[in-house]
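*Asks:*
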Amino acid sequence: MFEKERKERPKKEKASGSEKELYEKIPRRDLMAIRSTMNEMFSDLFSGRPPRTLQSVAGWQPMVNVFETADDLIVRADLPDMEAGEIDISATTDTITIKGERKIPDELAGMELILKEQPGGTFFRTLSVPCRIKETEIKASYRNGVLEIRVPKSNEKGKSIQIDAE
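Mapping of the sequence shown onto our numbering: residues 11 to 176, in sequence order.
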């Protein structure tokens, strides 16, 4: 009769000596850092802010929330491990800029860093606000690693310009 053809499954390849050696030469913490970077890339993809993986090129930007009341805008920025004097705030009638530098705390300076997820170094963040503001009346406070900026709204309307016809 008919003989059934026996299909052989492809054999799984074993890691060659050089692949195995490469894996053994890469320290586990480096593999963890690569995994962490990949996770950050996918997390940042839909977050609406610049990817953290570009921070080494462009500095970093603190995460902020902006709230609005009838009279004020309230900006809250996460800036842990900093002192109030290390943060600069400036404003125009329609922007708020926060800048500074987060340094490694002195008590950690000589230690080996195994995993780095918190950004550090210089930062610069300019926020465009949805209304005109009173930039001379802004108040800021810094508590428990959170910067809070209270920004009074301006009731001032734009000026109308008369056009002269010839």
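Where is the CB? At the ideal position from N, CA and C, for every residue including glycine.
Report the residue ranges of all beta strand (DSSP E) runs contained in full by the segment 99-128; include only those spanning at least 3 residues, in chain order.
*Replies:* Segments of the beta strand (DSSP E) lying fully in the segment 99-128: 105-112.
*Asks:* Which residues bound the beta strand (DSSP E) around Leu76?
*Replies:* It should be pointed out that residue 76 corresponds to Val in this sequence rather than to Leu. From DSSP, the beta strand (DSSP E) with Val76 extends over Val74 to Glu78.
*Asks:* What distance in whole Å lies between the Cβ atoms of Val161 and Val74, which are believed to be in contact at a cut-off of 8 Å?
*Replies:* Not really, about 12 Å apart at Cβ, beyond 8 Å.
*Asks:* Here's the rule: buried if 16 or more other CB atoms are within 10 angstroms of the residue's CB, otherwise exposed. What is Pro115?
*Replies:* Pro115 is exposed by the Cβ-count criterion.
*Asks:* Applying the 10 Å Cβ sphere with the 16-neighbour rule, what's the burial state of Val67?
*Replies:* At Val67 the pLDDT is 49, less than 50, meaning the model places this residue with poor confidence; the figure from the coordinates comes in the next sentence. By the 10 Å Cβ count, Val67 comes out exposed.
*Asks:* Take Ser138 and list the residues in its own chain whose beta-carbon comes closer than 8 Å to its own, dropping the five residues that flank it on each side.
*Replies:* Once the five neighbours on either side are set aside, the close Cβ partners of Ser138 are Asp104 and Thr105.
*Asks:* Using DSSP with H/G/I as helix, E/B as strand and the rest coil, what is Ser164?
*Replies:* Three-state result, Ser164: coil.
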